[in-house]
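Heads up: the protein sequence lines correspond to chains A and B, in order.
Residue numbering for the first sequence follows my numbering, beginning at 1 and increasing consecutively.
Residue numbering for the second sequence follows my numbering, beginning at 253 and increasing consecutively.
Note that beta-carbon positions come from the ideal geometry of N, C-alpha and C, so glycine has one too.
Structure record follows, encoded as structure tokens.
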Amino acid sequence: MLGFMRGQPLLSTVIHREKMAAAPVMMPYFGQQISSKSDLVPDWTRQEVSTGTTIMAVEYDGGVVIGADSRTTTGAYIANRVTDKLTRIHNKIYCCRSGSAADTQAIAEIVAYQLGFHSIELDEPPLVETAANLFRASCYRYREELTAGILVAGWDKRKGGQVYSVPIGGMLVRQPVSVGGSGSTYIYGFMDANYKPGMNKEQCMELTAAALSLAMERDGSSGGVVRLASISEEGVERRVILGNQLPKFSTH
Amino acid sequence: MEKHCTESRVKGVSTGTTILAAVFDGGVVIGSDSRASMGEEYVSSKTINKVIQVHDRIFCCIAGSLADAQAITKAAKFHLSFHSVQMESPPRVMAAASVLKDLCYKNREELQAGFITAGWDKKNGPQVYVVALGGMLINQLVTIAGSGSTYIYGYIDAKYKPNMTKEECLQFATNALALAMGRDNVSGGVAHLVVVTEKGVEHVVVPGDKLPKFHDE
């Protein structure tokens, strides 16, 4: 889910910035220099790396299921087709990242550090709500500079499985089920129709895998494999569903 | 009110909308919401009908600028009835779609309207055609369009099956419209549905409070 619904989901999450480090400048050849502005250098070299993506998180009684696609793009080029967008923040707290790859990696590292420190001070595992608030604090304070839509999900002793959504802009809201990223717009209807409270872990896994497959079929910025993880009191269990094993739907 | 919609790319009244059409065994179901908006804040009509009859068994739904769409459908109706008189037989659905496509393509610089044309004819039975913004024409079994359609791509991909019964298809279309109206703020109101078969045409209107509700409502 993205913070500003007005037009936001329909915009590409790529920001066009001239990055001199990213664009290769050809060595002078017979006195000529091919700059990054010429047609010979593809324009994806000048575009920021984005996790145009589909991410999803669902609560069930006893834990959470999180899922993401695996495509990272710079413009039309797929920079990484096996990305892991499910990032560990703490033993039983993960986040799903969407938006700018650089921004979300940086924020996740910072929050993981802050949370680790806090957990040592407390001498007990941190709360998911604490992790979500740390994300929100960074995303809100630097909202003008950042493009990051994050789902924070995990398990703690106090409230069990929880999903918190921190969309672009830095809002924080807890939801039983949440989707995010550019591909999420295509599966709102599917999610509304198929999510029911009281599902168990396997049903949540199936729902997430199906929803992500549908989004990956329609969104050009999402694709690759489906990465799933379930987090509960017992621990974290990760799964990968490869392209040919994804659920298929009636094609028309 | 026009002053408020400088952000919107469509000037004047727009059908920020959800429209769909689906083929079932023996006919087609065509549906739309009923909201017309100006900019994103003002609903200029709660009960507009976006499913327009262009011939006895051929309907089209409009998305985009309402003014453009009304002008085009008026012209298309005229062309079609003339064509039908010349051919001395009811027009094919493909003919209706082509007429719309020609109008959209020839004037693609000025216009901002997309159409779904659906109906029944004797040669090919039930068909659905979509004419997109620039004037592209394609034949599909099920198609959705309008601003609210982005939210239900996943739902229709998962739920649509070829050769459904009329009741299944009506339920599918009603659910899809309800889901889209639940997420898109410029779609809403009542759901207009039309069922076209060899035997005739049936209109179904589902008022807002009778629409299916989903888990968080």
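Cβ of residue i within 7 Å of any chain A Cβ
i	result
D409/B	yes
R435/B	yes
I304/B	no
T402/B	yes
L431/B	yes
Same chain, Cβ closer than 6 Å to residue i, five either side skipped, listed in chain order
i	result
A21/A	Any reading at A21/A is ruled out, since the residue's pLDDT is 38, under 50, leaving its predicted position unreliable.
L246/A	S213
V152/A	C95, A131, A132, F135, Y164
V65/A	V58, C204, M205, T208, S230
D52/A	This sequence places Gly at residue 52/A; Asp is not what is there. If we look at G52/A and ignore the five residues flanking it on each side, its Cβ neighbours are T13, T73, S182, S221.
V128/A	I93, G154, D156, Q162
M416/B	F276
Q379/B	V345
Beta carbon proximity, residue i to chain B, threshold 7 Å
i	result
T185/A	yes
V189/A	Residue identity check: residue 189/A is Gly in the sequence provided, not Val. Yes, G189/A lies at the interface with chain B (some Cβ there is under 7 Å from its Cβ).
L214/A	yes
R174/A	no
R71/A	no
R218/A	yes
F135/A	no
Contacting residues, own chain, Cβ-Cβ under 8 Å from residue i (five flanking each side not counted)
i	result
S336/B	H307, P342, P343
N376/B	R344, V345, M346
N80/A	S70, R71, T72
N133/A	L172
G440/B	D285, S286, R287, V295, K298, M433, G460
V82/A	S70, G224, V225
E340/B	none
K201/A	Y60, G62, G63, V65, S230, S232
M199/A	V58, Y60, L207
Which listed residue (the options) has its alpha carbon closest to that of residue i
i	options	result
R435/B	E450/B, F466/B, Q423/B	F466/B
G279/B	F311/B, K411/B, A432/B, V295/B	F311/B
A225/B	V438/B, V458/B, Q423/B	Nothing can be reported for residue 225/B: it is not among the residues displayed for chain B, which extend from 253 to 469.
K302/B	A443/B, T449/B, K462/B, N415/B	A443/B
G160/A	Y142/A, T54/A, V58/A	V58/A
A106/A	G52/A, D219/A, E145/A	E145/A
F249/A	T325/B, K413/B, I368/B, A349/B	K413/B
I55/A	Q114/A, D192/A, V177/A	V177/A
L429/B	E450/B, I396/B, A323/B, G452/B	I396/B
S317/B	L272/B, V448/B, S399/B, P378/B	S399/B
Q305/B	L463/B, V448/B, P464/B, V458/B	V448/B
K374/B	L463/B, G268/B, E450/B	E450/B
W372/B	N359/B, E361/B, A348/B, L355/B	A348/B
V258/A	I78/A, I241/A, A137/A	Summary: the structure shown does not reach residue 258/A, with chain A confined to residues 1 through 252, and so no result is reported for it.
H90/A	T104/A, M191/A, E124/A, V49/A	E124/A
L272/B	L445/B, K462/B, G452/B, F334/B	L445/B
C421/B	A321/B, E362/B, V394/B	V394/B
A193/A	N427/B, F367/B, N437/B	N427/B
I368/B	F334/B, Q392/B, V453/B	Q392/B
K85/A	S100/A, Y77/A, G75/A, A76/A	S100/A
T269/B	A319/B, Q322/B, A315/B	A315/B
K477/B	V456/B, C356/B, T402/B	Because chain B in this structure spans residues 253 to 469, residue 477/B falls outside the shown range and cannot be described.
R158/A	A148/A, P126/A, L242/A	P126/A
A323/B	V453/B, L363/B, G452/B	L363/B
I300/B	C313/B, R309/B, G291/B, T402/B	C313/B
V453/B	D320/B, E292/B, R309/B, G291/B	R309/B
I187/A	K326/B, S401/B, K358/B, R360/B	S401/B
A68/A	G75/A, D103/A, I150/A	I150/A
V438/B	V458/B, D354/B, S289/B	S289/B
7 Å Cβ shell around residue i - same chain, five flanking residues per side excluded
i	result
V351/B	A328, H331, L332
K411/B	F424
A108/A	T87, I89, C95, R97
Within chain B, the residues that residue i reaches when beta carbons sit closer than 8 Å
i	result
T61/A	For clarity, residue 61/A is Asp in the given sequence; the question names Thr instead. Within chain B, no residue comes near D61/A; the closest Cβ sits about 15 Å away, beyond 8 Å.
F249/A	D409, A410
Beta-carbon neighbours of residue i, restricted to chain A and to distances below 8 Å
i	result
H467/B	D192, Y195, K196, P197
Contacts that residue i makes with chain B (C-beta to C-beta distance below 7 Å)
i	result
A211/A	G406
Listed by chain order, chain B residues near residue i by CB distance under 9 Å
i	result
E206/A	Those within 9 Å of E206/A in chain B number zero; the least Cβ separation is about 12 Å.
Amino acids of chain A, ordered along the chain, whose beta-carbon sits closer than 9 Å to that of residue i
i	result
N427/B	G189, A193
**Report entry** Touch test, the segment 95-108 of chain A against the segment 234-244 of chain A, Cβ-Cβ under 8 Å, three pairs minimum
**Finding:** no
Query raised in the report: Any chance the segment 377-389 of chain B sits against the segment 163-178 of chain A, with 3 or more Cβ pairs inside 8 Å?
Result: no
**Report entry** the segment 108-126 of chain A touching the segment 183-191 of chain A, judged by at least three CB pairs closer than 8 Å
**Finding:** no
Query raised in the report: Do the segment 404-418 of chain B and the segment 213-226 of chain A meet, that is, are 3 or more Cβ pairs less than 8 Å apart?
Result: yes
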